[in-house]
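Quick notes on the structure that follows.
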Amino acid sequence: MKVLHFNFLPRSADLGLLVLRVWFGLAMLTLHGWGKVTGFGDRAAKFSDPFGIGGPATLSLVIFAEVICAVLLVAGAFTRFAALVLGITMSFAFWMAHGHRLTGQGNGELPFLFLAVFVVLFVSGAGKFSVDAKLGARS
1 MKVLHFNFLP RSADLGLLVL RVWFGLAMLT LHGWGKVTGF GDRAAKFSDP FGIGGPATLS
61 LVIFAEVICA VLLVAGAFTR FAALVLGITM SFAFWMAHGH RLTGQGNGEL PFLFLAVFVV
121 LFVSGAGKFS VDAKLGARS
């Protein structure tokens with residue numbers, strides 16, 4: 001029964017934070033952000049505008065979050081700031097774009113799960129395998 005404890009694996013919260021940052025940061029960048037960058041012209045006019053600042057401006061804010069902040073998250077640089085911005089973006093995606101529905105057509109399950117990860121990274125920080133740790137940021 002001892003094998004079920006997986007004690008043969010190294011115990012490292014820092015390694016777990018690294019995997020979480022890289023996994024979800026790259027997923028955000030490649031699966032969501034990059035498509036918005038390359039399709040900016042097509043998407044800008046019809047992009048959701050909950051703030052009344054215009055579709056292109058709102059799309060630019062989302063691109064900042066999903067590309068720039070995702071890259072910062074992967075590197076572990078300004079991790080809490082990046083996680084906060086991404087968390088706010090995912091909150092708006094879940095509440096506004098998906099109507100805070102977790103089931104059914106057009107549900108917000110994915111932004112809800114991303115939000116959970118970004119909250120964890122905001123609370124915990126980047127861990128020791130990060131640019132933040134190298135620069136001496138407290139985590």
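First residue of the sequence shown: 1, per our numbering; consecutive thereafter.
We treat Cβ as the ideally placed atom computed from N, Cα and C, and that holds for glycine.
Under the DSSP assignment, residue 11 falls outside any alpha helix (DSSP H); it carries neither an H nor an E label. Residues of the same chain with a CB within less than 7 Å of the CB of residue 107, apart from the 5 flanking positions on each side, are 98 and 101 in chain order. Taking the Cβ atoms as the reference, residue 116 lies roughly 16 Å from residue 79, outside the contact range of under 8 Å.
In this structure, the CA atom of residue 34 is about 44 Å from the CA atom of residue 2. Under the Cβ criterion (8 Å, minimum of three pairs), the region 42-60 does not count as touching the region 14-23. Beyond the five residues adjoining it in sequence on each side, residue 131 comes within less than 6 Å, by CB distance, of 75, 76 and 77 in the same chain, given in chain order. The alpha carbon of residue 41 has as its nearest neighbour, out of 29, 26 and 63, the alpha carbon of 63.
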